[in-house]
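What follows is a single structure, written as structure tokens, with notes after it.
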Amino acid sequence: MNKPLRRIAIFCGLLVLTLLLRDNWLQYVKADGLKTDPKNRRVTIARYSTPRGDIIVDGDPITGSTASGSSGLNDLKYKRTYKNGPMWAPVTGYASQAFGANQLESLEDGILTGDDDRLFFRNTLDMVTGKQKSGGNAVTTLNAAAQSAAYNGLKKQGGKGAVVALEPSTGKILALASYPSYDPSAFAGTSDTDAEAWKKLQKKYNPDDPMLNRALRETYPPGSTFKVVTAAAALQNGLYSSADQATKSPLPYVMPGTTTELKNEGSIPCKNATMRVALRYSCNTVFGKIGADLGNDKMLAEAKKFGFDSEQFTPVRSSASVFSDDMNQSQTALSSIGQYNTAATPLQMAMVASAVANDGKLMKPYMIDKLQSSNLDTISQTDPEEMSQPLSSSNAQILQSMMETVVKEGTGTNAQIGGVTVGGKTGTAQHGVENSENPYAWFISYAKLPDGSKPVAVAVVIEDDQANRDDISGGGLAAPIAKSVMEAVISSKK
């Protein structure tokens with residue numbers, strides 16, 4: 014080969030090598046970045062080229078798909094629809110051609126679009142047979158009757174709030190409601206109407222923030238419902254060994270290192286009261302002193318066993334509830350009655366009630382039972398998982414008896430259900446600087462059937478800026494909603 018031809022051959026070889034390097038760089042190094050690049054519409058076009066799989070509750074889909082029609086761009090064929098969208102939005106989230114997706118719609122997008130690697134063989138078979146690729150389904154643990162009771166109870170109340178119901182023995186989420194809510198169908202497409210609906214839901218235009226998932230993402234001072242955790246800490250650390258042992262609780266009680274008295278609500282029998290009496294009447298002095306006597310470290314350790322200070326993944330992420338470290342005795346006393354820095358999501362307080370009901374064993378909360386292919390084959394199944402053991406079985410049963418007294422003859426009588434044993438705890442949590450704003454109304458509970466089974470534990474929180482302050486109480490506002498949710502679950506078990 015003469016010299017000019019050799020140079021041309023080497024140059025051509027270098028060009029081919031460069032092309033190979035570039036091709037491999039794009040396919041293996043940059044592939045994920047290009048796939049998720051917002052300017053790459055091919056991913057979006059593919060996502061909406063076929064109907065999405067469905068999110069399933071009680072065997073029925075609560076989602077659907079419809080042709081985009083003239084309201085969508087020509088290259089986006091299908092858009093998402095929702096049945097009773099506002100009720101289910103805290104569960105499903107949204108899938109929008111213009112605004113992306115969140116919550117289950119985002120987390121299970123691969124299954125719902127049919128692009129998940131676990132569907133490879135199913136998709137290959139469809140390709141061979143000429144069948145159009147179809148999305149799979151996400152089957153939830155939700156109970157439709159419980160969700161309806163929770164959402165409609167909040168809606169009737171008229172303020173803001175949330176409800177979470179769990180199955181104590183498994184951790185299955187039975188209800189997850191937030192109010193006010195929104196309809197994900199309103200902005201599922203790309204039209205001007207969709208854009209306007211999206212704009213109106215944003216917090217800066219709507220201070221009620223209907224897109225906030227209050228069940229998972231909002232933390233509130235839990236108020237007196239946290240006294241259940243404090244009672245658990247007293248039993249677990251041997252400070253008191255029974256529900257009916259007199260506590261060393263003076264009245265008035267001056268918080269350590271201060272000249273400030275910790276007050277009770279009204280004239281209630283809190284001096285040296287037993288824990289049963291103290292929980293029944295919700296004595297701040299008794300449980301504040303328990304927290305101070307145990308100290309920050311022991312209270313923090315017990316709170317963490319219930320899930321505080323950790324995010325939960327259901328698989329939708331829940332904000333971490335808070336019980337602080339490095340507090341002095343006075344601060345620990347206030348935190349132990351659910352005030353000061355203590356803050357909890359409704360999910361967290363449902364977990365507290367669930368652990369007590371489940372004889373001290375806390376199960377990891379989850380809302381996806383299984384994932385299915387388009388032909389309903391099971392791709393994955395969620396197995397119940399123990400998360401922690403905040404209480405021994407014997408101490409949990411002591412605490413159950415205390416919570417049952419609260420509902421039988423204490424502040425939680427509005428949660429009573431005929432023929433069913435209900436345990437609960439009310440809470441009215443201070444809100445605002447120096448308690449200047451309307452308090453939050455809380456109620457946590459569980460139901461025990463005659464056969465000893467405990468099918469449901471519930472947490473309800475209500476925030477109502479418009480209500481008469483004197484009318485706000487956990488027993489008055491939140492307990493009736495919890496009762497209706499428990500009744501719905503019990504009825505569905507029959």
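Final position of the sequence shown in the working numbering is 507; the numbers increase by one with none missing. The C-beta atom is built at its ideal place from N, Cα and C for all residues, glycine as well. Predicted model only: the values in this text are computed from it and were never measured.
A direct Cα-to-Cα measurement between LEU412 and ARG289 gives close to 8 Å. Contact between GLY308 and SER349 is ruled out by a C-beta separation of about 10 Å, above the 8 Å threshold. ASN226 has its alpha-carbon roughly 10 Å from the corresponding atom of GLY174. In this structure the segment 362–374 does not lie against the segment 213–222, because fewer than three pairs of beta carbons, one per stretch, are closer than 8 Å.
Taking the Cα positions, TYR294 is about 10 Å away from SER280. Counting along the chain, the unbroken alpha helix (DSSP H) around ASP306 starts and ends at 297–307.
For ALA244, the enclosing alpha helix (DSSP H) covers residues 240–249. Non-local beta-carbon contacts of ASP382 in its own chain, meaning distances under 7 Å to residues more than five positions away in sequence, involve VAL152, THR153, THR154 and THR395 in chain order. MET376 is bridged by DSSP to GLU399. DSSP places GLY166 inside the alpha helix (DSSP H), whose first and last residues are 157–170. Where GLN342 is concerned, the enclosing alpha helix (DSSP H) starts and stops at 342–348.
Secondary structure at ASN408: helix, using DSSP grouped into helix, strand and coil. For PRO64, same chain residues with a beta-carbon under 6 Å away, outside a window of 5 residues either side, are SER78 and TYR91 in chain order.
Between ALA316 and VAL299, the CB-CB gap reaches or exceeds 8 Å. In chain order, MET268, PRO269, GLY270 and THR271 place their CB closer than 6 Å to the CB of SER343, counting only its own chain and leaving out the 5 sequence neighbours on each side. Distance check between LEU292 and each of GLU417, ASN388, ASN451 and ILE75 places GLU417 closest, using alpha-carbon atoms only. If you check the CB distance, GLY373 and ALA409 come in under 8 Å. Within the DSSP secondary-structure output, PHE200 pairs in no beta bridge.
For GLU121, the CB contacts under 6 Å within the same chain, skipping 5 residues up- and downstream, are ALA151 in chain order.
The beta carbon of VAL329 sits closer than 7 Å to the beta carbons of GLN116, LEU117, LEU120 and LEU229 from its chain, once the five residues preceding and following it are set aside; these are given in chain order. Collapsing the DSSP output to three states places ILE503 in a helix. Only residues of its own chain outside the window of five on either side were considered, and among them ASN285 and THR287 have a CB closer than 7 Å to the CB of ALA259, listed in chain order. Taken in chain order, the whole beta strand (DSSP E) runs of length 3 or more contained in the segment 63–92 are 68–70 and 76–80. In the DSSP annotation of this structure, ASN285 is not part of any beta strand (DSSP E), being labelled neither H nor E. Between the alpha carbons of SER81 and ILE75 lies a gap of roughly 19 Å. For VAL369, the enclosing alpha helix (DSSP H) stretches over residues 359–370.
Of the residues ASN156, ARG60 and GLU399, the one whose Cα lies closest to the Cα of THR126 is ARG60. When C-beta atoms of the segment 172–192 are compared with those of the segment 463–476, three or more pairs fall below 8 Å, so the two segments count as touching.
Burial is judged here by how many other beta carbons sit within 10 angstroms of a residue's own beta carbon; LYS169 has fewer than 16 and is exposed.
Setting aside the 5 residues that flank it on each side, ALA356 is surrounded in the same chain by THR232, TYR233, PRO234, PRO235, SER334 and VAL335, each with a C-beta closer than 8 Å to its C-beta; the list follows chain order. By the 16-neighbour rule on beta-carbons within 10 angstroms, LEU33 is exposed. Distances from the alpha-carbon of ALA162 to those of VAL502, LYS506 and LYS507 put VAL502 closest.
In the DSSP assignment, GLN385 falls outside any alpha helix (DSSP H) and within the unbroken beta strand (DSSP E) covering 381–385.
About 14 Å separates the beta carbons of GLY66 and SER393, which is beyond the 8 Å limit, so they are not a contact pair.
In its chain, beyond the 5 residues on either side, PRO193, SER194, TYR195 and LEU214 have a beta carbon closer than 7 Å to the beta carbon of PRO223. Residue range 16–37 is occupied by the alpha helix (DSSP H) that includes LEU27.
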